[in-house]
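Visitor:
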Amino acid sequence: MGLLHLAGNPALERIESVSLDWRFLIRGPAPSPDDVVVVAIDDPSLEEFGWPMPRQTLAAAIDRIGGAGAQVIGVDILLLESGSAAGDAALRTALLRNERTVLAMGLRLDGDASELSGDDVGDLALPAYARPAVGSLVPQQATGLLKPIAGFATAAKMGHVMLQPDSGGTPRAHFPIIAVGDSMLPSFPLLVAVAQRGQSIKSILLSLSGSLQIPGSDGTAQQPIE
Numbered sequence: 000m001g002l003l004h005l006a007g008n009p010a011l012e013r014i015e016s017v018s019l020d021w022r023f024l025i026r027g028p029a030p031s032p033d034d035v036v037v038v039a040i041d042d043p044s045l046e047e048f049g050w051p052m053p054r055q056t057l058a059a060a061i062d063r064i065g066g067a068g069a070q071v072i073g074v075d076i077l078l079l080e081s082g083s084a085a086g087d088a089a090l091r092t093a094l095l096r097n098e099r100t101v102l103a104m105g106l107r108l109d110g111d112a113s114e115l116s117g118d119d120v121g122d123l124a125l126p127a128y129a130r131p132a133v134g135s136l137v138p139q140q141a142t143g144l145l146k147p148i149a150g151f152a153t154a155a156k157m158g159h160v161m162l163q164p165d166s167g168g169t170p171r172a173h174f175p176i177i178a179v180g181d182s183m184l185p186s187f188p189l190l191v192a193v194a195q196r197g198q199s200i201k202s203i204l205l206s207l208s209g210s211l212q213i214p215g216s217d218g219t220a221q222q223p224i225e
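Residues in the sequence shown are numbered consecutively from 0, following numbering that gives the first Met the number 0.
In structure tokens:
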């Protein structure tokens with residue numbers, strides 16, 4: 000059964016997907032971690048502020064969360080277009096003031112990657128990783144980057160938010176690493192976890208033999224990611 004699952008057997012994948020939903024329903028809701036807070040943009044927020052949400056409002060939220068003592072702030076919004084000059088300036092200032100902020104970045108997974116260059120990836124990629132001579136995994140490849148506008152991209156860390164669907168198209172997991180050519184881009188939640196530990200992208204240890212490690216909760220010992 001394990002080999003069939005690893006091989007991506009379609010019938011087994013469908014059974015796994017359906018049974019996974021059943022297992023979560025049987026288990027019931029799990030309590031949220033005490034050290035994680037989700038600040039959601041809900042329907043009342045949209046009615047009050049509209050969409051896209053004013054950048055001054057986002058800036059104020061980031062400053063308030065940072066002022067409350069958050070160890071890291073993850074902004075899961077694609078900031079691909081400019082807003083008002085005053086709003087963009089306020090948000091950039093808030094990002095610079097709250098250094099442990101991670102922004103979301105999209106990727107294109109189809110099309111032609113010939114126009115991408117190393118300058119496009121820059122310091123978004125892992126500075127180093129190990130590739131075994133034989134048995135190397137082949138990560139999902141991206142063909143394009145959907146980065147926040149320059150004023151935000153230079154003010155915060157960025158991680159991709161691409162999700163991994165099952166055979167039926169339902170997102171079930173995220174790609175912790177996606178490749179752009181020979182460069183490896185870490186995901187948004189992976190960078191949030193690393194930043195929460197006070198570490199940088201340099202602390203992520205990746206081997207394409209199937210090993211991914213980040214600093215443990217004490218910021219020192221490495222912790223494997225499954």
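For every residue, glycine included, the Cβ atom is placed at its ideal position computed from N, Cα and C.
#1: Once DSSP output is grouped into helix, strand and coil, what is the label at K156?
#2: Can you tell me where the alpha helix (DSSP H) holding A89 begins and where it ends?
#3: Pick from L144, I76, T153, V17: whose alpha carbon is nearest that of V38?
#4: Just verifying my parser: in three-state terms, what is the DSSP assignment at V226?
#5: Nearest CA to the CA of L184: which residue from Q139, P51, S208?
#6: Enumerate in chain order the residues of its own chain whose CB-to-CB distance from L145 is below 8 Å, with the five nearest sequence positions on each side excluded.
#7: From I176, P147, A149, A152, pick the residue whose C-alpha is nearest to that of M161; which is it?
#8: Helix, strand or coil for S186, going by three-state DSSP, please let me know.
#9: Judging by CA-CA distance, which residue of S210, Q195, G209 is the nearest neighbour of D34?
#10: Please list the segments of the alpha helix (DSSP H) lying wholly inside the segment 37-73, counting only runs of 4 or more residues, in order along the chain.
#11: By how many angstroms is the C-alpha of S18 removed from the C-alpha of K156?
#12: Nearest to I200 by alpha carbon, out of H173, D119, G158?
#13: Excluding five sequence neighbours on each side, which residues of the same chain lie with their C-beta closer than 7 Å to the C-beta of L2?
#14: Going by beta carbon distance, what residues of the same chain come within less than 6 Å of R130, once the five residues before and after it are set aside?
#15: I need the boundaries of the beta strand (DSSP E) containing V101, first residue and last residue.
#16: Taking DSSP as the reference, what is the three-state secondary structure of G150?
#17: One question on the structure: do I72 and T92 come within less than 8 Å of each other, judged by their Cβ atoms?
#18: In the DSSP output, what is P164 paired with across the bridge?
#19: Quick check: what's the CA-CA separation for G49 versus A178?
Guide: With the given structure in hand:
#1: Note: K156 maps to strand in three-state DSSP.
#2: Start and end: 84-96.
#3: Relative to the Cα of V38, the nearest Cα in the group L144, I76, T153, V17 belongs to I76.
#4: The requested residue 226 does not occur in the structure, where the chain is confined to residues 0 to 225.
#5: Residue Q139 is the option with its Cα nearest to L184.
#6: Within the same chain, L145 has close Cβ partners L77, L79, M104, G105, L106, R107.
#7: For M161, the closest alpha carbon among the candidates I176, P147, A149, A152 is that of I176.
#8: Three-state DSSP puts S186 in a strand.
#9: The residue with the shortest Cα to Cα distance from D34 is Q195.
#10: Qualifying alpha helix (DSSP H) stretches, in chain order: 42-48, 54-66.
#11: For K156 and S18, the distance between alpha carbons rounds to 37 Å.
#12: Answer by Cα proximity: G158.
#13: At L2 the pLDDT is 44, less than 50, meaning the model places this residue with poor confidence and gives no usable figure here.
#14: By the criterion of a C-beta distance shorter than 6 Å, R130 is surrounded in its chain by L207, once the five residues flanking it on both sides are discounted.
#15: According to the DSSP assignment, V101 belongs to the beta strand (DSSP E) that extends over 100-107.
#16: Helix at G150.
#17: Contact check for I72 against T92 fails: the beta carbons are separated by 8 Å or more.
#18: Looking at the DSSP output, P164 bridges to P170.
#19: Using only the alpha carbons, I get a separation of about 35 Å.
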